[in-house]
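Quick note on our numbering: the sequence shown kicks off at 1 and runs consecutively. All residues carry an ideal CB built from backbone N, CA and C; glycine is no exception. Keep in mind the model is a prediction, meaning the values are calculated, not measured. What follows is a set of notes on a single structure, which appears directly below.
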Amino acid sequence: MASENIVAISTSLGASGVAVIRMSGDSPLSIAEKMFEPVGKVKVGEFEPNKMYVGEIVCDGFKDYGMCVYFKAPKSFTGEDSVEFHCHGGVAITKGVLKRALSLGARLATNGEFTKRAFMNGKLSLSSAEGLIDMINSESVSGVKAGYYLYREKLNSEIAKMQDVLTDVLAEIDADMDFPEEDLETASKKNAKLGLEKVINGITTLLNTFGKGRTVLNGVRVGIVGKPNTGKSSLLNALLNYDKAIVSDVAGTTRDIVEGSLDINGVRFNFSDTAGIRDSQDKIEELGVELSKRILDESDLILFILDGSDVGEEDEKIFSLIKDKNKLVVVNKTDKCKYTDERADVYVSALKKDNLDELRRLIFEKTVGTGIDLNGDFLCEERHYDALCRAKEKLESALGGIDIVSLDVLAIDIKDGWDALGEISGKTATEEIIDNIFSKFCVGK
Ligand code: GDP
């Protein structure tokens with residue numbers, strides 16, 4: 001099937017050392033011939049695949065000195081003939097290279113079109129493409145690992161094994177339907193039972209990793225609350241400085257919320273602190289609104305800060321708002337008082353940076369948990385979770401009815417389960433699902 005030549009800037013647009021402009025399609029090399037002048041003797045049309053050639057990239061009105069590489073189909077990312085120009089990373093230079101390719105007949109790629117073509121050409125599965133976008137968008141090591149697990153087809157191969165089991169079960173059922181002697185039917189039902197149980201167990205194990213997978217991919221939201229002057233900002237700064245992260249003031253609608261991010265064991269923790277609240281007149285009431293709207297609803301964990309040298313009624317009012325949440329009660333200012341509280345999880349001094357390691361440990365334990373393997377072998381995409389839930393439902397229905405229903409009815413449920421699993425790799429995904437996934441990509445990927 002003919003495939004248009006598409007082009008896009010594959011690196012982010014800005015001043016940088018190098019930028020990459022990529023083309024893919026039936027004949028990108030013929031475009032490159034018209035805009036690349038190699039310094040060596042080898043002409044563009046004779047370029048050896050996978051080899052970088054130095055030369056002049058000819059744009060409208062200017063030239064850049066860079067490199068060009070040709071990837072021959074099917075041994076390219078997209079599975080098509082591809083060409084990359086590596087130019088200097090200035091905005092005008094990069095756009096100039098792009099415009100030149102466009103004027104020579106290439107079309108600007110749509111979001112994710114390179115990856116979509118790779119998928120269409122069987123170079124990667126749908127879940128692998130999703131892993132790729134997760135990796136690109138991730139700001140934490142654990143998020144990258146979660147994406148990599150998908151990208152390298154590890155989830156896909158687990159799913160493929162499950163589908164193989166179901167295929168065998170279906171084949172046996174099919175054979176029995178052709179020769180409906182009773183003994184055979186009993187034997188195939190017995191095997192179907194074993195196969196279904198195996199697959200359902202595998203699905204359940206994967207489903208159980210979803211909560212953690214989401215946390216690891218998207219990061220953990222932590223809200224810091226407490227009455228004014230308990231040391232919330234100081235504590236956030238102490239935690240962030242600890243990791244040399246940056247605290248930024250983000251303008252809220254009525255006041256400032258201080259936010260900052262921190263890595264703990266490779267997982268990203270996003271903190272929000274209600275520090276700006278101290279200027280408010282009706283503090284508790286406004287704090288209540290702020291808490292319910294922003295912190296209480298959105299946080300995975302609340303840090304409730306008490307000033308050990310000044311605990312009173314105001315603290316109790318705030319505590320009543322968060323007592324049923326996933327929380328840590330942090331008593332601050334241990335450097336100047338010996339206050340103890342039966343609710344306390346940890347005692348710290350933000351000023352002296354005392355016991356912050358223990359606080360970090362508890363934050364991690366209360367959200368990600370302990371004994372978790374963060375190597376990415378977990379479910380993190382809602383779409384995969386939904387597909388697995390549907391597959392499990394169908395297979396459980398098959399298992400539940402195995403001694404009651406006829407073989408053909410049994411086969412329908414099993415086939416539906418197989419199809420639901422196939423959505424993950426993309427084998428049975430609809431065009432709508434596929435388009436939706438690639439629309440999340442940036443242009444150039
Ligand atoms: P916030 O209103 O809860 O954000 O509190 P701040 O972080 O602005 O701190 C209020 C005051 O308490 C400031 O003067 C801080 O220097 C002080 N403070 C914060 N943490 C500590 C601490 O651990 N020990 C002592 N002695 N003072 C602290």
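Buried or exposed (CB count within 10 angstroms, at least 16 for buried), residue i
| i | result |
| --- | --- |
| residue 232 | buried |
| residue 114 | buried |
| residue 213 | buried |
| residue 267 | buried |
| residue 368 | buried |
| residue 128 | buried |
| residue 187 | exposed |
| residue 74 | exposed |
| residue 194 | exposed |
| residue 102 | exposed |
| residue 230 | buried |
| residue 147 | buried |
| residue 47 | buried |
| residue 332 | buried |
| residue 307 | buried |
Residue i beta carbon near the ligand NAD (any heavy atom closer than 7 Å)
| i | result |
| --- | --- |
| residue 233 | Annotation note on the ligand NAD: not contained in the displayed structure, which lists the ligand GDP as its ligands. |
Nearest to residue i (by Cα), restricted to the options the options
| i | options | result |
| --- | --- | --- |
| residue 119 | 362, 103, 78 | 78 |
| residue 151 | 343, 131, 57 | 131 |
| residue 387 | 316, 398, 210 | 210 |
| residue 448 | 71, 12, 139 | No answer is possible for residue 448: the residues shown for the chain start at 1 and end at 445. |
| residue 411 | 192, 106, 69 | 192 |
| residue 13 | 128, 87, 159, 45 | 87 |
| residue 138 | 171, 216, 66, 198 | 216 |
| residue 349 | 334, 343, 358 | 334 |
| residue 198 | 228, 229, 166 | 166 |
| residue 354 | 370, 330, 343 | 330 |
| residue 160 | 187, 203, 171 | 203 |
| residue 381 | 223, 201, 356, 135 | 135 |
| residue 438 | 110, 358, 45 | 110 |
| residue 318 | 332, 377, 225 | 225 |
| residue 327 | 428, 442, 93, 305 | 305 |
| residue 44 | 200, 56, 29 | 29 |
Alpha carbon of residue i to alpha carbon of residue j, nearest angstrom
| i | j | result |
| --- | --- | --- |
| residue 235 | residue 18 | 40 Å |
| residue 325 | residue 4 | 55 Å |
| residue 433 | residue 144 | 23 Å |
| residue 430 | residue 238 | 49 Å |
| residue 141 | residue 133 | 14 Å |
| residue 301 | residue 189 | 48 Å |
| residue 125 | residue 154 | 11 Å |
| residue 49 | residue 97 | 21 Å |
| residue 116 | residue 16 | 27 Å |
| residue 9 | residue 104 | 16 Å |
| residue 64 | residue 6 | 21 Å |
| residue 35 | residue 385 | 47 Å |
| residue 351 | residue 341 | 20 Å |
| residue 295 | residue 323 | 13 Å |
| residue 91 | residue 436 | 30 Å |
| residue 278 | residue 338 | In this predicted model, residue 278 has a pLDDT of only 45, less than 50, meaning its place in the structure is not dependable enough to derive any value. |
| residue 89 | residue 11 | 9 Å |
| residue 106 | residue 95 | 14 Å |
| residue 163 | residue 196 | 11 Å |
| residue 32 | residue 383 | 39 Å |
| residue 80 | residue 445 | 14 Å |
| residue 423 | residue 171 | 21 Å |
| residue 320 | residue 313 | 11 Å |
Same chain only: Cβ atoms within 8 Å of residue i, ignoring 5 sequence neighbours per side
| i | result |
| --- | --- |
| residue 41 | none |
| residue 403 | 189 |
| residue 394 | 413, 414, 416, 417, 420 |
| residue 207 | 379, 385, 388, 389, 392 |
| residue 409 | 401 |
| residue 377 | 149, 154, 209 |
Same chain, Cβ closer than 7 Å to residue i, neighbours up to 5 away in sequence not counted
| i | result |
| --- | --- |
| residue 264 | 360, 363, 364 |
| residue 390 | 420 |
| residue 2 | 26 |
| residue 407 | 173, 176, 177, 185 |
| residue 245 | Only weak support exists for where residue 245 lies, its pLDDT of 40 falling under 50; the coordinates are left without a value. |
| residue 441 | 111, 112, 115, 133 |
Same chain only: Cβ atoms within 6 Å of residue i, ignoring 5 sequence neighbours per side
| i | result |
| --- | --- |
| residue 270 | 219, 221, 261 |
| residue 252 | Note that residue 252 scores 35 on pLDDT, short of 50, meaning its location in the model is unreliable; the coordinates nonetheless yield the value given after this. Excluding sequence neighbours, residue 252 sits near nothing in its chain. |
| residue 76 | 82 |
| residue 156 | 125, 127, 425 |
| residue 428 | 419, 422 |
Neighbour flag for residue i against chain B, beta carbons, 8 Å
| i | result |
| --- | --- |
| residue 307 | Looking at the structure shown, chain B is missing, and only one protein chain is on hand. |
Cβ separation of residue i and residue j, assumed to be a contact under 8 Å, to the nearest whole Å
| i | j | result |
| --- | --- | --- |
| residue 54 | residue 39 | 5 Å |
| residue 58 | residue 22 | Between residue 22 and residue 58 the Cβ distance is about 18 Å, and since that is not below 8 Å, they are no contact. |
| residue 227 | residue 315 | 6 Å |
| residue 85 | residue 66 | 6 Å |
| residue 309 | residue 223 | That pair is no contact at about 23 Å. |
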